[in-house]
Amino acid sequence: MDTVTVPLSALKTKSGSTASARADGEGSVQVQMDPNLKLGTAKVFAVYGKGGIGKSTTSSNLSVAFSKIGKRVLQIGCDPKHDSTFTLTKCLVPTVIDVLESVEFHAEELRTEDFVFPGYNGVMCVEAGGPPAGTGCGGYVVGQTVKLLKEHHLLEDTDVVIFDVLGDVVCGGFAAPLQHAHYCLIVTANDFDSIFAMN
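Here the sequence shown is numbered in the numbering used here, starting from 11 and rising by one per residue.
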């Protein structure tokens, strides 16, 4: 693979000025984020990748690295398999949707310890889960999880939030964590399938 570096001055707009002089997003269609969906002051990372590519390993390593420098970390797994936090908790934890279902979706009946589990080095672990293939929207699941975390004031005391998101599911709802993210990490290998899934 070849990498080419192009100086910013070489990128010209129609008016002849450099690209850096343009307003952010000028000339493109922008999807505006709902300002009510901000996650407090936490830095939010969304990690995407094809199933089995290593995104959960990457997410867990990031979580532990941030926790070891004193950050309060919350890792949210967004995958129907709900195994994102397995390496941190050493078990498959119940998903937010499973827990909500057990109380007939009366979120006010839940305690924090019902859906947030302690992981390695103090990392807080949540599994949003997701619908089985072809039966629902992943965005709804992520939305309900964020709503529940806000109701329990968990996001106010967190420095870093890491969403670990399945990237090879057709459901557009799995793009929902991007609405919250400051940074997006895409985990791929040097093969067509992993790059196609992320495209």
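Virtual Cβ for every residue (Gly too), placed ideally from N, Cα, C.
Host beta strand (DSSP E) of residue i (start-end)
i    : result
D174 : V170 to L176
Cβ-Cβ separation, residue j to residue i (assumed contact under 8 Å), whole Å
i    : j    : result
V170 : A52  : 6 Å
T122 : L164 : 7 Å
L98  : V109 : The pair is not a contact, with the Cβ atoms about 18 Å apart (cut-off 8 Å).
G190 : V54  : The question names Gly, yet the displayed sequence has His at residue 190. H190 to V54, Cβ: 5 Å. Contact.
I172 : S69  : 5 Å
T95  : G149 : At roughly 20 Å, the Cβ-Cβ gap does not stay under 8 Å, so T95 and G149 are not in contact.
F127 : V156 : F127 to V156, Cβ: 17 Å. No contact.
Reference residue i; option with closest CA among the options
i    : options                   : result
I86  : V197, Q154, S204 and N200 : Q154
L158 : H116, A186 and A75        : H116
H162 : A75, G64, E118 and L84    : E118
V175 : K160, M134, C101 and A138 : A138
G59  : F206, F202, V152 and I196 : I196
T77  : N131, V151, T105 and I205 : A small correction: the amino acid at residue 77 is Ser; Thr does not occupy that position in the sequence shown. Closest option to S77, Cα to Cα, is N131.
C147 : A185, G64 and C194        : A185
Closer than 8 Å to chain C by CB, residue i
i    : result
E114 : Reference to chain C is not applicable here, since this structure consists of a single protein chain.
Strand pairing of residue i, partner residues [DSSP]
i    : result
G87  : E137 and D174
T105 : E137
V197 : G59
K100 : Answer by DSSP bridge pairing: none, since K100 is not bridged.
Limits of the unbroken alpha helix (DSSP H) element including residue i
i   : result
A75 : K65 to K78
Within 8 Å, strictly: CB atoms of residue i and residue j
i    : j    : result
G140 : P187 : no
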